[in-house]
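Some notes on the structure that comes next.
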Amino acid sequence: MSEPDSVADGQDHSLDPRVIAMQRITGGLFTAAISLGSLFALGTALIVGDDIPGAVRVLLPVGWLVLVALGAWQAYRWPAIHYRYTSYRVDEEGIEIRRGVYWRVVINVPRSRVQHIDVSQGPIDRRHGLGTLVIYTAGTDHAKVELAGLAHGRALGIREHLLPSGAGDAV
Amino acid sequence: MPSEQRLHPATLLFDLAGHIKRFAVPAVLVIFGASQSSGGPGGMFGRVPSGWESWLLVMLVPAVIISVARYLSFRLSYDQDGLVIRSGLVFRNERHVPFKRIQNIDAAQNVFHRFFGVVEVRVETGGGKEEEARMSVLPRAAFDEMRRRVFTERGSVVPEQPAGDVAPAEEAVGETLVHLSLRELLLCGFLENKGMVLVGAAAGVIWESGLGNRIMGQLFGGSEALGRSFFREVMRGIFDGGPLPLARMSLGLAAFIAFLGIVRIISMAWAFLRLYDFRVTRIHEDLRTEYGLLTRVTATVPIRRVQTITVRAGPLHRWLKRATVRVETAGGAGARSAAHVREWLAPLIRQENLPTLLQGVLPGFDLAAIDWQPLHPRAFARAVKPKLILDAIVTLVAAYTIGWGAIGVVILLLPWSIVSARQYVKHLAWAESDEMVVMRSGWIWQQMTVARVNKIQAVAMRQSPFDRRAAMARVRVDTAGAGEFTRIDIPYLDGAVARGLHERLAGQAANTAFKW
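One line per chain: the protein sequences are A and B, in this order.
FYI, our numbering numbers position 59 of the first sequence as 106, with every residue one higher than the one before it.
FYI, our numbering numbers position 358 of the second sequence as 763, with every residue one higher than the one before it.
See below:
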């Protein structure tokens, strides 16, 4: 209303680049948790299990190392790929979100169908100044449309734009 | 203006009470069970230090921490357009609910609530599945303020909404759109075959009550092995060229046919009772449905709440030139706003009357004038591939288990896969107009779904890796209360066509206002 269309420019935008670093951190934490858990299980199995053949005793840790290395590589690489294939566009009519690396989807939610909107921030989001926009509609498959990895201020701006404003826009 | 409202401190008390209530029953069971079993040295828990019961309270700690965090972080405030709810200490969430979208505000107040002067408030919008906001508990004054703000705002914004609803108060004689005569009624029962459901239920009851075994015993002359040896004989007859037990086979066949006949008759009786004198009348902008012999049901559906219409016809329906019509509606303002209901518009209708009925519900919809668009020319190649892969797997498994008999499996599966894929693609088509989007599908059971553009909630275009290789895409139209089988989801579209359709539908939806 007051500052017209700072977000509704009808251009395709990428997410905030900081999302890559942020997702690497979450992915890294996740991988670390899984590796430590499985390392613990593996260690216990090797110590307790006396009847495990020698070859398996060597192969198991090697397999573990390979899997952890792959997980770490994936946690490092995936956010950049994901970033490249995610974009959004806000215009007068509503919002269009594109995402998906292999399975791609383009979702359009018209402004007039938005029921209510959340902007949420986790602890790591907050450190990086990011936020997630969650749009609720009265639909079935797309009752809840999420867009994570926006700059927090931008998420707020999009929310302001999408919500029905005052008396200007009668239903 | 930013008058922030927190939860009432009594929230902690009520939360705690709630946790204890939920916790009490299992706790009592555990204590009771343990005191019984640990009486002797061989108890389930062995020797437990006395007073261990108090340690059970530790299990309450996470719940209490969550409650405290919620209490400390919750903030309710208002901006000029809606209410703002902030919550979460670690994962922070800020929810904006526009006044316009609020369907109703529920408040519950039990005796304890009244003692503290608080209420439990629930705010509902039309949003799909989750509840929008539950505030437990707010001071009474805060609730009054919310109600005042929400309803004054809404009152100033949408004055015409209630007026339009109240106006046609006088009872009017509407035009009858559908009426089932006795003959049609019985035919409907015959085609619906609801009897199978009843038989299934009855079989379940008989089985559960242990009567089943006795009846089976009676039927098969007291020996269970008889049934099995019968099948073994048949199998041997087919595969090893032994003598076929023809007499018993024909007897079994006759019994089976008789069973099917009885089921159909039960189904007709069901239709007679349930759908007796089925009648749909259109009164102004409402559809009134009446049916039932013993329980007479009358339902009124405002036409503007119809989200999608689905016409279905099985092989028998088509042979008899009939079809069934259902509508998907979404509840409006008032209680249970997000309840979606599927209702009969016509359990059975002659196909020649179909256009008139559809026109009555969707003004301007001309069934004959639909310009059906086919799928991508290479859709068949795409549709048949997954089936062929599945066939290959089944054949391999068969070859592994029954050897050369797998050839028979291939002979059966392969033509079926090809024919069904071919027919599936051939019968799938879509059409669009300024107000509607239509999709038809199905080969043996054919169906057609119509959605009004102003009921579209979101439009999505999807591309799997296979789609991208073939430059295809699928378009899915999301409406309120779309069922698994009644949604519009068009696969194997040409990429450019899909993009165009997606953009047009999104644009049209954006230019129409959604009303419940």
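For each residue, glycine too, the CB sits at the ideal point set by N, CA and C.
C-alpha distance - residue i paired with residue j, whole-angstrom precision
i	j	result
LEU203(A)	SER472(B)	27 angstroms
ILE205(A)	ARG497(B)	18 angstroms
LEU763(B)	ARG717(B)	13 angstroms
ALA918(B)	LEU421(B)	44 angstroms
LEU801(B)	ALA811(B)	8 angstroms
GLN566(B)	PHE556(B)	For GLN566(B), the pLDDT reaches just 39, beneath the cut-off of 50, and the residue's location in the model is therefore unreliable, although a value from the coordinates is still provided. So the two alpha carbons sit approximately 13 angstroms from each other.
SER61(A)	MET866(B)	19 angstroms
ASP899(B)	ALA659(B)	51 angstroms
PRO414(B)	MET551(B)	19 angstroms
ARG653(B)	GLY605(B)	25 angstroms
ILE526(B)	GLU409(B)	First, the residue type needs correcting, since residue 526(B) is Val and not Ile in the sequence shown. Their Cα atoms are separated by approximately 16 angstroms.
GLY487(B)	ARG554(B)	9 angstroms
GLY169(A)	GLU499(B)	12 angstroms
GLY915(B)	ARG545(B)	Here residue 915(B) is Ala; the residue named in the question, Gly, does not match the sequence. For ALA915(B) and ARG545(B), the distance between alpha carbons rounds to 39 angstroms.
THR694(B)	ARG709(B)	15 angstroms
LEU587(B)	ALA607(B)	27 angstroms
VAL842(B)	SER85(A)	52 angstroms
ALA786(B)	VAL105(A)	48 angstroms
HIS689(B)	VAL706(B)	11 angstroms
HIS129(A)	ILE81(A)	22 angstroms
PHE677(B)	PHE683(B)	10 angstroms
PHE661(B)	SER655(B)	10 angstroms
ILE930(B)	ALA119(A)	Within the shown structure, residues of chain B are numbered from 406 to 921, placing residue 930(B) beyond reach of any answer.
TRP777(B)	TRP835(B)	6 angstroms
THR734(B)	VAL685(B)	15 angstroms
THR78(A)	VAL115(A)	7 angstroms
ILE94(A)	LEU795(B)	44 angstroms
Beta-bridge partners of residue i, as assigned by DSSP
i	result
GLY141(A)	PRO157(A)
ARG947(B)	No information on residue 947(B) is available, as it lies outside the stretch 406 to 921 that chain B covers here.
TRP460(B)	According to DSSP, TRP460(B) bridges with nothing at all.
LYS191(A)	TYR183(A)
GLU837(B)	VAL842(B)
TYR696(B)	VAL702(B)
GLY178(A)	LEU197(A)
HIS163(A)	TYR183(A)
GLU580(B)	ARG687(B)
PRO707(B)	ASP691(B)
SER134(A)	SER61(A) and ARG145(A)
LEU898(B)	ALA878(B)
ARG717(B)	THR729(B) and GLN852(B)
Sequence-distant residues of the same chain with beta carbon closer than 6 angstroms to residue i, five excluded per side
i	result
GLY74(A)	ALA122
LEU412(B)	TYR476 and PHE479
GLU143(A)	ARG136 and ASN155
LEU906(B)	VAL880
PHE664(B)	none
ALA547(B)	GLN410
VAL563(B)	Residue placement at VAL563(B) is flagged as unreliable, the pLDDT there being 43, under the threshold of 50; the coordinate-derived value follows with that caveat. Same-chain partners within the cutoff: there are none.
TRP111(A)	LEU89
GLY719(B)	TRP850
VAL702(B)	TYR696
MET673(B)	LEU591, GLY594 and PHE595
Residues near residue i in its chain [Cβ-Cβ closer than 8 angstroms; skip 5 each side]
i	result
VAL789(B)	SER822, ILE823, ALA826 and ARG827
GLY799(B)	Residue identity differs from the one stated: residue 799(B) is Val in this sequence, not Gly. So the list reads VAL814 and LEU818, once near-sequence residues are dropped.
ALA55(A)	VAL137, ASP138, GLU139 and HIS208
Beta-carbon proximity list for residue i, same chain, < 7 angstroms, skipping 5 on both sides
i	result
VAL161(A)	ILE182, THR184, LEU209 and LEU210
LEU494(B)	ALA474, LEU477 and SER478
GLU537(B)	VAL502, VAL528, GLU529 and THR530
ALA198(A)	ASP63, GLY176 and LEU177
Three CB pairs or more closer than 8 angstroms across the segment 598-606 of chain B and the segment 660-675 of chain B: Touching, yes.
Alpha helix (DSSP H) runs contained entirely in the segment 847-888 of chain B, provided each spans 4 or more residues: Counting only runs of 4 or more, we get 870-874.
With three or more C-beta pairs closer than 8 angstroms as the rule, is the segment 175-193 of chain A touching the segment 64-76 of chain A? A contact exists between the segment 64-76 of chain A and the segment 175-193 of chain A.
Below 8 angstroms, how does it come out for the segment 147-167 of chain A and the segment 840-855 of chain B: are there three or more Cβ pairs, yes or no? Short answer: they don't touch.
Output the residue ranges of the beta strand (DSSP E) runs that lie fully inside the segment 51-121 of chain A and measure 3 residues or longer, sorted by chain position. Within the segment 51-121 of chain A, the complete beta strand (DSSP E) runs of at least 3 residues are 59-61.
Pair every Cβ in the segment 498-511 of chain B with every Cβ in the segment 576-590 of chain B, then say whether three or more of these pairs are closer than 8 angstroms. With fewer than three CB-CB distances shorter than 8 angstroms, the segment 498-511 of chain B does not count as touching the segment 576-590 of chain B.
Can you give, in chain order, each stretch of the alpha helix (DSSP H) that sits fully within the segment 748-802 of chain B and has at least 4 residues? Within the segment 748-802 of chain B, the complete alpha helix (DSSP H) segments of 4 residues or longer fall at 759-766, listed in chain order.
Write down every uninterrupted run of the beta strand (DSSP E) in the segment 475-546 of chain B whose length is 3 residues or greater and which is fully enclosed by it, in chain order. Counting only runs of 3 or more residues that sit fully inside the segment 475-546 of chain B, the beta strand (DSSP E) segments are 480-483, 487-492, 497-503, 507-513, 523-530 and 538-544, in chain order.
Does the segment 751-768 of chain B come close enough to the segment 727-736 of chain B that 3 or more CB-CB pairs lie under 8 angstroms? Touching, yes.
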